[in-house]
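Visitor: Heads up, my numbering is the position in the sequence shown plus 6, with the first residue counted as 1. C-beta: ideal position from N, C-alpha, C; glycine also.
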Amino acid sequence: MNEQITAIAALLLEINGKEKYTAFFDFSGHVRTFSIRIYSGKWSQGKAPLFNLSRPEKGLQ
Numbered sequence: 007m008n009e010q011i012t013a014i015a016a017l018l019l020e021i022n023g024k025e026k027y028t029a030f031f032d033f034s035g036h037v038r039t040f041s042i043r044i045y046s047g048k049w050s051q052g053k054a055p056l057f058n059l060s061r062p063e064k065g066l067q
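(1) Rounded to whole angstroms, what is the Cα-Cα separation between Val37 and Asn8?
(2) Going straight from the alpha carbon of Lys53 to that of Tyr27, what length do you get?
(3) Could you tell me which residues DSSP puts in a beta bridge with Arg61?
(4) What is the residue span of the alpha helix (DSSP H) that Ala54 lies within?
(5) Restricting to Cα atoms, I'd like to know which of Ile11, Leu18, Ala15, Phe30 is closest to Trp49.
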């Protein structure tokens with residue numbers, strides 16, 4: 007499980023490094039939930055994400 011989350015975070019860091027997209031990854035350990043948001047170009051307040059996912063960690067199994 008931890009390896010999967012680490013792999014996802016590594017991919018999102020790679021996406022951020024290319025500067026075509028801005029990716030956010032949040033992990034809330036107290037409720038075992040993670041979320042991913044990917045924006046086209048640079049993020050700005052009020053901008054809608056191209057991709058938005060929020061799931062309990064158990065969904066990775």
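Guide: The relevant details are as follows:
(1) Cα-Cα distance, rounded: 15 angstroms.
(2) The straight-line gap from Cα to Cα measures roughly 12 angstroms.
(3) Answer by DSSP bridge pairing, in chain order: Phe40.
(4) Here Ala54 belongs to no alpha helix (DSSP H), and DSSP marks it neither H nor E.
(5) Measuring from the Cα of Trp49, the nearest candidate turns out to be Phe30.
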